[in-house]
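Read top to bottom, the protein sequences are chains A and B. For the first sequence, our numbering gives the first residue as 50, with consecutive numbering after it. For the second sequence, our numbering gives the first residue as 301, with consecutive numbering after it.
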Amino acid sequence: MDKLLLFVLLAVLHVRLMALQLDEERAMHALFELKHAVNRAVHAAAQQTDPALLARGIRAIDEEKAEARFIDYLRANLRLDGTGRPMPGSPLREPAELVLFDVVNADRTFPYRYRNEQHGLDVTLHGPGVVAVIRAEYPRTYRFIVPIRWTVKGVAELLPDG
Amino acid sequence: MKQILVFVLFSTIICWVMFAPVYRHVAIVRQALLQKEVDYLLEVGASGRYGYIDGEMIEASRGRLESRGFNPALLEYKVSTDNGLDASNPASPVPRGTGIRLVISYPYGNLFVPDRLIGLDPVPGGARMSAAGMKMSEYVPVR
Numbered sequence: 050m051d052k053l054l055l056f057v058l059l060a061v062l063h064v065r066l067m068a069l070q071l072d073e074e075r076a077m078h079a080l081f082e083l084k085h086a087v088n089r090a091v092h093a094a095a096q097q098t099d100p101a102l103l104a105r106g107i108r109a110i111d112e113e114k115a116e117a118r119f120i121d122y123l124r125a126n127l128r129l130d131g132t133g134r135p136m137p138g139s140p141l142r143e144p145a146e147l148v149l150f151d152v153v154n155a156d157r158t159f160p161y162r163y164r165n166e167q168h169g170l171d172v173t174l175h176g177p178g179v180v181a182v183i184r185a186e187y188p189r190t191y192r193f194i195v196p197i198r199w200t201v202k203g204v205a206e207l208l209p210d211g
Numbered sequence: 301m302k303q304i305l306v307f308v309l310f311s312t313i314i315c316w317v318m319f320a321p322v323y324r325h326v327a328i329v330r331q332a333l334l335q336k337e338v339d340y341l342l343e344v345g346a347s348g349r350y351g352y353i354d355g356e357m358i359e360a361s362r363g364r365l366e367s368r369g370f371n372p373a374l375l376e377y378k379v380s381t382d383n384g385l386d387a388s389n390p391a392s393p394v395p396r397g398t399g400i401r402l403v404i405s406y407p408y409g410n411l412f413v414p415d416r417l418i419g420l421d422p423v424p425g426g427a428r429m430s431a432a433g434m435k436m437s438e439y440v441p442v443r
């Protein structure tokens with residue numbers, strides 16, 4: 050009888066450890082997916098040159114278009130629907146939150162050092178660029194780990210050589 | 301009789317306990333490899349130099365994934381764009397501003413069959429894991 054009890058306890062311990070390990074592994078991959086999504090979204094946003102200013106020879110970013118494209122690409126990469134809710138196949142279960150979206154436009158002098166104490170951002174931009182921070186929660190499969198919330202930052206710039 | 305029953309029960313549970321973390325890990329790693337491959341192909345394909353993901357790039361990608369233990373014949377690649385242009389033709393790369401979307405999928409196969417040992421329904425063999433991404437093309441035509 051005591052052996053049976055030991056066996057059951059070991060099996061429970063094992064399943065808990067396995068669940069812990071799998072969830073942590075998946076949480077890391079979710080972070081990579083979020084980072085790539087943010088990278089692609091800021092990349093798309095930084096390519097939205099303002100045609101009116103470009104005609105005058107100034108390479109600047111159209112801020113409204115940039116934000117719209119950022120959201121389009123974030124949704125496409127994280128598989129979110131038009132209202133930001135995750136669709137089947139999405140790495141998330143709750144909508145991602147856009148914490149910060151900033152355009153550093155052509156009116157600054159470059160190289161420009163962008164700093165944001167609150168989010169621990171410190172980047173040097175060599176051309177007009179876009180900075181974004183999103184926050185999203187990793188959907189746990191099991192309840193053995195504490196909720197993991199990832200804060201993901203991304204920067205892209207518009208440079209003469211692409 | 302009772303002991304035989306207990307032995308059969310315990311041995312199936314021990315088998316499952318030994319192998320379950322392994323094949324779950326395999327599933328996660330395969331999914332991650334597909335995601336990395338999508339990232340790589342999009343990074344190259346959407347760059348200013350190409351602006352497309354053609355059959356040749358896809359063949360090279362199948363080769364890379366084969367060296368990681370995938371069966372290349374079962375990998376499925378879907379290349380599309382957000383505005384309906386064809387992104388797989390090297391003769392007409394998609395211009396800057398168009399998003400190139402890539403989906404790679406691979407069947408789960410018999411990976412989750414050992415789950416039957418403890419009475420769980422395994423993932424159906426025909427189900428496919430997939431990784432996807434969309435990146436804006438940087439290609440600008442040279443006149």
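By construction, the Cβ of each residue, glycine as well, lies at the ideal position given by its N, Cα and C atoms. A quick note: this is a predicted structure, and the numbers were derived from the prediction, not measured.
Cα-Cα separation, residue i to residue j
i: I353 (chain B); j: A79 (chain A); result: 25 Å
i: G211 (chain A); j: R396 (chain B); result: Low confidence applies to G211 (chain A): its pLDDT is 49, below 50, so where it sits in the model is not reliable enough to give any reading.
i: P196 (chain A); j: T190 (chain A); result: 11 Å
i: H325 (chain B); j: P424 (chain B); result: 18 Å
i: E73 (chain A); j: A431 (chain B); result: 19 Å
i: L207 (chain A); j: A155 (chain A); result: 10 Å
i: H175 (chain A); j: T200 (chain A); result: 25 Å
i: L305 (chain B); j: M50 (chain A); result: 15 Å
i: I183 (chain A); j: A427 (chain B); result: 31 Å
i: R75 (chain A); j: L334 (chain B); result: 14 Å
i: A101 (chain A); j: M67 (chain A); result: 58 Å
i: P135 (chain A); j: E82 (chain A); result: 14 Å
i: Y163 (chain A); j: K202 (chain A); result: 13 Å
i: F159 (chain A); j: T381 (chain B); result: 34 Å
i: L58 (chain A); j: K302 (chain B); result: 21 Å
i: S388 (chain B); j: G355 (chain B); result: 7 Å
i: R362 (chain B); j: R105 (chain A); result: 46 Å
i: L341 (chain B); j: L69 (chain A); result: 32 Å
i: A60 (chain A); j: F412 (chain B); result: 19 Å
i: L420 (chain B); j: V403 (chain B); result: 29 Å
i: A346 (chain B); j: D339 (chain B); result: 10 Å
C-beta atoms of residue i and residue j nearer than 8 Å
i: A90 (chain A); j: F56 (chain A); result: no
i: A94 (chain A); j: E116 (chain A); result: yes
i: P177 (chain A); j: V204 (chain A); result: no
i: Q97 (chain A); j: D111 (chain A); result: yes
i: L149 (chain A); j: A185 (chain A); result: no
i: G133 (chain A); j: R124 (chain A); result: yes
i: M429 (chain B); j: S405 (chain B); result: yes
i: P321 (chain B); j: Y350 (chain B); result: no
i: M436 (chain B); j: G384 (chain B); result: no
i: R108 (chain A); j: F193 (chain A); result: no
i: P414 (chain B); j: F319 (chain B); result: yes
i: G369 (chain B); j: Y439 (chain B); result: no
Chain-ordered chain A contacts of residue i [CB-CB under 7 Å]
i: I313 (chain B); result: A60
i: A332 (chain B); result: H78
i: R324 (chain B); result: L71
i: G384 (chain B); result: What G384 (chain B) touches in chain A: nothing, since even the nearest Cβ is about 15 Å away.
Under 7 Å by beta carbon: chain B residues contacting residue i
i: R65 (chain A); result: Result: empty, since nearest Cβ-Cβ is about 12 Å, beyond 7 Å.
i: F56 (chain A); result: F310
Partner residues on chain A for residue i, Cβ-Cβ distance less than 9 Å
i: V317 (chain B); result: L59, A60, H63, V64 and M67
Residue from the options with nearest C-alpha to residue i
i: E366 (chain B); options: B:I313, B:G426, B:Y323 and B:E337; result: B:E337
i: E376 (chain B); options: B:I358, B:N389 and B:D386; result: B:I358
i: F422 (chain B); options: B:A327, B:V379 and B:N371; result: What sits at residue 422 (chain B) in the sequence shown is Pro, not Phe. Ranking B:A327, B:V379 and B:N371 by Cα distance to P422 (chain B) puts B:A327 first.
i: N145 (chain A); options: A:G131, A:L59 and A:T158; result: According to the sequence as given, residue 145 (chain A) is Ala; it is not Asn. Residue A:G131 is the option with its Cα nearest to A145 (chain A).
i: V87 (chain A); options: A:L58, A:K52, A:D121 and A:A109; result: A:D121
i: V317 (chain B); options: B:P441, B:V442 and B:I418; result: B:I418
i: P140 (chain A); options: A:L127, A:R108 and A:D151; result: A:L127
Under 8 Å by beta carbon: chain B residues contacting residue i
i: Q96 (chain A); result: R396, G397, M436 and E438
i: R89 (chain A); result: L342, G433, M434, K435 and M436
Per-residue contacts from residue i into chain A (C-beta, under 8 Å)
i: A320 (chain B); result: M67
| task | Check each residue of the segment 128-152 of chain A: if its Cβ is closer than 8 Å to any Cβ of chain B, include it; give the result in chain order. | result | R128 and G138
| request: With 9 Å as the C-beta to C-beta threshold (strictly closer), list the residues of the segment 165-187 of chain A near chain B in chain order. | output: none
| request: Using a Cβ-Cβ cut-off of less than 9 Å, give me the residues of the segment 333-344 of chain B that come near chain A, in sequence order. | output: Q335, K336, V338, D339 and L342
| query | When Cβ atoms are compared, which residues of the segment 352-376 of chain B fall closer than 8 Å to chain A? | reply | none
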